[in-house]
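Visitor:
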Amino acid sequence: MLREQIKQAKDLFRSSYGDRNATSDSPLYCASAPGRVNFIGEHTDYTGGFVLPLAIAHATVCYGTGAVVSKSAPRRCRIVSTNATDVVEFEVSNDLAPSTLNRWANYVMGVGEYLRLRVSHASTARLNYFLDTQNRKPSAIQYLPSLGPDETFVFEVAFSSNVPIGSGLSSSASLETATAIFLEQVMKLNESQMYGKEQKINRAKLCQRAENTFCGVPCGIMDQFISGAARGGKLLLIDCRSLDYKEIPLGSSDEQEDKPVLVVTDSKVKHCLGDSEYPVRVQQCKDATAILSKVNDCIKSLRDATIVDIEAAKKKLGLEGTILKRALHVVSENKRTVDAAAALESGDWKAAGKLMNESHSSMKEDYEVSCKEIDTLVALAQSFDGVYGSRMTGGGFGGCTVTLVKKEAANGLIGYLKEEYKKTGQECECFVTSPSQGGVVVDLD
Ligand code: GAF
11 MLREQIKQAK DLFRSSYGDR NATSDSPLYC ASAPGRVNFI GEHTDYTGGF VLPLAIAHAT
71 VCYGTGAVVS KSAPRRCRIV STNATDVVEF EVSNDLAPST LNRWANYVMG VGEYLRLRVS
131 HASTARLNYF LDTQNRKPSA IQYLPSLGPD ETFVFEVAFS SNVPIGSGLS SSASLETATA
191 IFLEQVMKLN ESQMYGKEQK INRAKLCQRA ENTFCGVPCG IMDQFISGAA RGGKLLLIDC
251 RSLDYKEIPL GSSDEQEDKP VLVVTDSKVK HCLGDSEYPV RVQQCKDATA ILSKVNDCIK
311 SLRDATIVDI EAAKKKLGLE GTILKRALHV VSENKRTVDA AAALESGDWK AAGKLMNESH
371 SSMKEDYEVS CKEIDTLVAL AQSFDGVYGS RMTGGGFGGC TVTLVKKEAA NGLIGYLKEE
431 YKKTGQECEC FVTSPSQGGV VVDLD
């Protein structure tokens, strides 16, 4: 699949820029980064909780030329994508502002600009502004400095992606991560500087901040993290506070014979995080934390709260209604996520499936991020013979479901979902997936 994406990116590069481009004396680079599906742990990352995602085989490829150049002789960057019609031009400089016309380009511009600021420290005021919005100190996140204070990036690239857009499979994070890995090559970072644990975490933070500040989406770190740090065959249990993570295999050994598969079903109901209820949920979690911290001053985020704290806040402070329901989802989902990782690791598929079903109910009833099409697909899957569990995956309000199903029942399930969903007047798309590799440099030799 990746081969085809690389070919498309190369073809688009040539048809858009020809052989003579602004950086034609620089070498060609290529990077790829996958989308993801979240097994469980939904809407827990932005309160420092636990998530359990896996990378999928669908990926974004970034192909082109790039160089580090002096700021006094700035040249324009040009980017183009198989998912967009026009070439977008911009300069990675202090004057760079998000585009209202080509919103997809903001993910690329944000990563380029933020990477320049971080590594060059050229504009301390602007860097601090970015970091302040995240309550971070400059020292908390650093790439190896390889850009001088008077330097910037110039690049000309083509993107090709087969990660469905607006389907909750993290097309944006794959675009950001592919851009970051591409620019790391332009910066001439070596293998260990790109793929050490710390470096992968720093890259994920950078891409998340670019999305938060440049694209205006207050997302957590899960998507950028899994896109850059995933390893084939493993899910990642990520502690979104410490950013420590553990690789979780499917089953206790490679030999386990009854290993199920994951079926992803795209409801084709499009969602957009920035414009949706997502920011509202982020705020509601902050409101819940403020109330809970009054019963227990150790609670700095919902990650710290327990069901006992929630009960105490109900009695003493009148924690109720919507805010209570939001807190109940997050607190219970954190526990389900840790339990699900243990269940998968030990090959207890029934236990893992039950937790998925409970997670869906919690998102539907308490967090209210599902929609009728997704509920239909989840109910259909849950009723199918051979299915262990099914739930909505991702930010919600549309997008995809993920289902854990016996291998031999997967094709039957896909046929059933397509047929039954069609009766509601809609078409869905399904694919079987397994944990794939995270973002990499693509060798062009
Ligand atoms: C989206 C966000 F980008 C993630 O950070 C996460 O919050 C997810 O929704 C919900 O779990 O994908």
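Just so we're aligned: 243 in the numbering used here is position 233 of the sequence shown, and the numbers increase by one with no gaps anywhere.
Note that beta-carbon positions come from the ideal geometry of N, C-alpha and C, so glycine has one too.
List the endpoints of the continuous beta strand (DSSP E) containing residue 414.
Guide: Unbroken beta strand (DSSP E) run through residue 414: 410-415.
Visitor: Cβ of residue 339 versus every heavy atom of ligand 1: is any distance shorter than 7 angstroms?
Guide: No; taking the cut-off as 7 angstroms, the Cβ of residue 339 has no heavy atom of ligand 1 nearer than that.
Visitor: Between 243, 250, 391 and 103, which has its C-alpha nearest residue 262's C-alpha?
Guide: It is 243.
Visitor: Under the criterion of a Cβ to heavy atom distance below 7 angstroms, does residue 229 qualify as lining ligand 1?
Guide: Yes; taking the cut-off as 7 angstroms, the Cβ of residue 229 has a heavy atom of ligand 1 nearer than that.
Visitor: Just grab the DSSP bridge partners of residue 292 for me.
Guide: Answer is none; residue 292 lacks a bridge partner.
Visitor: What residues in its chain sit with their C-beta under 7 angstroms from that of residue 270, if we drop five residues either side in the sequence?
Guide: Only 359, 398, 414, 415, 416 and 417 meet the Cβ criterion.
Visitor: Would you be able to state if there are at least three C-beta pairs under 8 angstroms between the segment 58-66 and the segment 199-213?
Guide: With a cut-off of 8 angstroms, the segment 58-66 and the segment 199-213 do not count as touching, because too few Cβ pairs lie within range.
Visitor: Using the Cβ count rule (16 or more neighbours within 10 Å means buried), how would you classify residue 186?
Guide: Result: buried.
Visitor: Any heavy atom of ligand 2 inside 7 angstroms of the beta-carbon of residue 231?
Guide: The model on display carries ligand 1 but not ligand 2.
Visitor: Based on Cα-Cα distance, which residue from 408, 72, 393 and 44 lies nearest to residue 23?
Guide: Considering only alpha carbons, the answer is 72.
Visitor: Just how far apart, CA to CA, sit residue 7 and residue 377?
Guide: Coverage of the chain is limited to positions 11 through 455, which leaves residue 7 absent and any answer about it impossible.
Visitor: Given 8 angstroms as the limit, is there contact between the segment 42-51 and the segment 227-238, that is, 3 or more CB pairs closer than that?
Guide: Touching, yes.
Visitor: Can you tell me whether DSSP reads residue 219 as helix, strand or coil?
Guide: Here residue 219 sits in helix by DSSP.
Visitor: Assuming contact is defined by CB atoms lying nearer than 8 angstroms, are residue 36 and residue 77 in contact in what I supplied?
Guide: Contact flag set, yes.
Visitor: Helix, strand or coil, according to DSSP, for residue 260 in the structure here?
Guide: The answer is coil: DSSP assigns residue 260 none of H, G, I, E or B.
Visitor: By the DSSP assignment, the beta strand (DSSP E) with residue 454 in it spans what residues?
Guide: It is not in any beta strand (DSSP E) - residue 454 carries neither H nor E in the DSSP assignment.
Visitor: Out of curiosity, what's the CA-to-CA distance linking residue 149 and residue 241?
Guide: At residue 149 the pLDDT is 39, less than 50, meaning the model places this residue with poor confidence; the figure from the coordinates comes in the next sentence. C-alpha separation (whole angstroms): 28 angstroms.
Visitor: Tell me which residue opens and which closes the alpha helix (DSSP H) that residue 345 is part of.
Guide: Segment 331-356, the alpha helix (DSSP H) holding residue 345.
Visitor: Going by DSSP, name the residue or residues bridged to residue 402.
Guide: Its beta-bridge partners are 411.
Visitor: Touch check for the segment 192-204 and the segment 85-96: three-plus C-beta pairs under 8 angstroms?
Guide: They do not touch, by the three-pair rule.
Visitor: Thinking just about the alpha-carbon of each residue, which of 15, 217, 293 and 343 is nearest to the one in residue 119?
Guide: The shortest Cα separation from residue 119 among 15, 217, 293 and 343 belongs to 217.
Visitor: Tell me whether the beta-carbon of residue 258 lies closer than 8 angstroms to the beta-carbon of residue 127.
Guide: Not closer than 8 angstroms, so no.
Visitor: Run the proximity test for residue 370: is its beta-carbon closer than 7 angstroms to any non-hydrogen atom belonging to ligand 1?
Guide: Answer for residue 370: no, Cβ out of range of ligand 1.
Visitor: Which stretch, first to last residue, makes up the alpha helix (DSSP H) that contains residue 432?
Guide: 420-432 is the span of the alpha helix (DSSP H), which, as asked, contains residue 432.
Visitor: With a threshold of 8 angstroms on Cβ separation, who are the neighbours of residue 81 within its own chain once the five nearest residues in sequence on each side are excluded?
Guide: Within the same chain, residue 81 has close Cβ partners 103, 132, 160, 161 and 162.
Visitor: Between the C-alpha atoms of residue 267 and residue 386, what's the straight-line distance to the nearest angstrom?
Guide: Looking at the two C-alpha atoms, the distance is approximately 31 angstroms.
Visitor: Would you call the segment 49-57 in contact with the segment 340-347, where contact means no fewer than 3 C-beta pairs closer than 8 angstroms?
Guide: Touching, yes, given that three or more Cβ pairs across the two stretches are closer than 8 angstroms.
Visitor: Can you tell which of 100, 412, 347 and 328 has the C-alpha that lies nearest to the C-alpha of residue 365?
Guide: For residue 365, the nearest C-alpha among the options comes from 347.
Visitor: In three-state terms, what does DSSP make of residue 369?
Guide: Helix.
Visitor: Per the DSSP calculation, residue 63 is bridged to which residue(s)?
Guide: Bridge partners of residue 63: 48.
Visitor: Grab me the residues of residue 28's own chain with a C-beta within less than 6 angstroms of its C-beta, minus the 5 sequence neighbours each way, in chain order.
Guide: Nothing listed; no residue qualifies.
Visitor: Does the Cβ of residue 219 have 16 or more other Cβ atoms within 10 Å, making it buried, or fewer, making it exposed?
Guide: Answer is buried; the Cβ neighbour count reaches 16.
Visitor: Quick one: does the C-beta of residue 287 sit closer than 7 angstroms to a heavy atom of ligand 1?
Guide: Because no heavy atom of ligand 1 lies under 7 angstroms away, the Cβ of residue 287 does not count as near it: no.
Visitor: Check the DSSP bridge columns for residue 39 and list the partner residues they point to.
Guide: For residue 39, which the question treats as bridged, DSSP gives the partners 74.
Visitor: Quick one: Cα of residue 315 to Cα of residue 455, how far?
Guide: Their Cα atoms are separated by approximately 52 angstroms.
Visitor: Count the other CB atoms within 10 Å of the CB of residue 421; is the residue buried (16 or more) or exposed (fewer)?
Guide: Exposed, by the Cβ-count rule.
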